[in-house]
Amino acid sequence: SFVSDQWSEFSGVEISATKAGHAAPTGARLFDSSNPTGGDPDIGSPNSDCPECNLGPSCPGRAVEADAEAARTTNCVAQENILIIDENGPGMAPDDNYNGGTIDFSFATNPISKVLSVGVMDIEGNSGGNKIELFDDEASPLESVTIEGLGDNTWQEVTFGSTTGTQSISQVRVTFTTSGAVTSIRYCGGTSSSGGNVRSDSPAAVDISPSVHHADSDTASRSSSVAPSRQFIGRAISSVLVTLVSLL
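Read in order, the letters of the sequence shown are residues 1 to 248 in UniProt numbering.
Encoded structure:
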């Protein structure tokens with residue numbers, strides 16, 4: 001499934017992706033990490049060498065030998081649907097772009113107050129320039145955090161600290177210089193935020209993840225058995241990029 005504004009009504013977020021070397025967006029797409037296609041076991045999860053895999057669960061993730069230790073210690077939780085910068089286009093199997101690019105989360109119509117963390121996979125150990133940037137409504141930078149290259153088929157959660165809960169964040173940009181994927185994004189919205197798990201306390205903590213949606217169809221459809229407020233938009237990548245509800 002290609003994703004764009006499927007969660008704007010519930011979370012106020014619109015998602016786009018642009019391949020490196022392209023001026024216009026080329027497509028953000030869900031990828032089923034539990035059943036990796038396109039010759040991409042490096043964005044499969046969990047890693048095949050995780051201890052739990054001896055007990056029977058499907059563990060399709062594979063890492064090159066040099067990164068095997070890092071992968072089996074970081075990538076042992078099934079991420080399900082994840083978000084990639086698609087290389088192939090409609091009608092072809094999802095495949096993350098080898099040369100990377102950017103994934104943008106736009107909160108232009110409903111700015112958020114703080115980003116707590118972003119989950120990412122498969123950041124190559126010999127790559128540089130991978131980062132996550134936060135911008136205000138005038139496209140001025142608020143914070144930039146480097147994504148460490150842990151290696152093939154690894155998973156990590158990048159956290160944020162310098163931005164305060166009074167910031168108005170309108171855009172989150174994830175930059176990959178090689179292949180990679182986003183597994184979740186957790187943020188705090190204001191009291192008027194419609195996205196995610198809105199609680200009585202303010203700001204409301206929201207976990208957006210991609211797994212509630214199916215990655216095998218070209219049109220993302222909302223799960224009828226899961227209320228919109230419980231969908232993982234971030235993990236909704238697992239549910240499709242923004243799981244606003246895993247915090248309930």
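All residues carry an ideal CB built from backbone N, CA and C; glycine is no exception. Source: prediction; values computed, not measured.
Three or more Cβ pairs closer than 8 Å define a contact, and the segment 2 to 18 falls short of that threshold against the segment 40 to 54. For T18, same chain residues with a beta-carbon under 6 Å away, outside a window of 5 residues either side, are P25, T26, G101 and T102 in chain order. Around the Cβ of P51, a 10 Å sphere holds fewer than 16 other Cβ atoms; the residue is exposed. Ranked by Cα distance from P141, the first of A70, T159, R173 and L116 is R173.
Bounds of the alpha helix (DSSP H) holding A70 are A68 to T74. Distances from the alpha-carbon of G128 to those of A108, G91 and S179 put S179 closest. Closest in alpha carbon position to F2, among H22, G61 and A28, is A28. Sequence-distant partners of W155 (beyond 5 residues in either direction) whose C-beta falls short of 6 Å from its own C-beta, in its chain, are T74, N75 and M121. DSSP, reduced to helix, strand and coil, places P94 outside both helices and strands of the structure shown, so it counts as coil. Residue state for P41 is assigned as helix, using DSSP reduced to three classes. Shown here, C50 sits in coil according to DSSP, grouped into three states, outside any helix or strand. In its chain, beyond the 5 residues on either side, A108, P111, S168 and S170 have a beta carbon closer than 8 Å to the beta carbon of D137. Bridge partners of E143 according to DSSP: L134. With respect to E157, V145 sits apart: the two C-beta atoms are not nearer than 9 Å.
Under DSSP, the beta-bridge partners assigned to W155 are M121.
DSSP, reduced to helix, strand and coil, places E80 outside both helices and strands of the structure shown, so it counts as coil. DSSP places E14 inside the beta strand (DSSP E), whose first and last residues are E14 to K19. One Cα belongs to A66, the other to N47, and the distance between them is close to 14 Å. Exclusion of the five residues before and after G61 leaves P41, G44, S45, P46, N47, S48, A71, N75 and N153 as the residues of its chain whose Cβ lies within less than 7 Å of its Cβ.
In the DSSP assignment, F105 falls within the unbroken beta strand (DSSP E) covering G101 to S106.
Here the alpha carbons of P90 and Y98 stand approximately 17 Å from one another.
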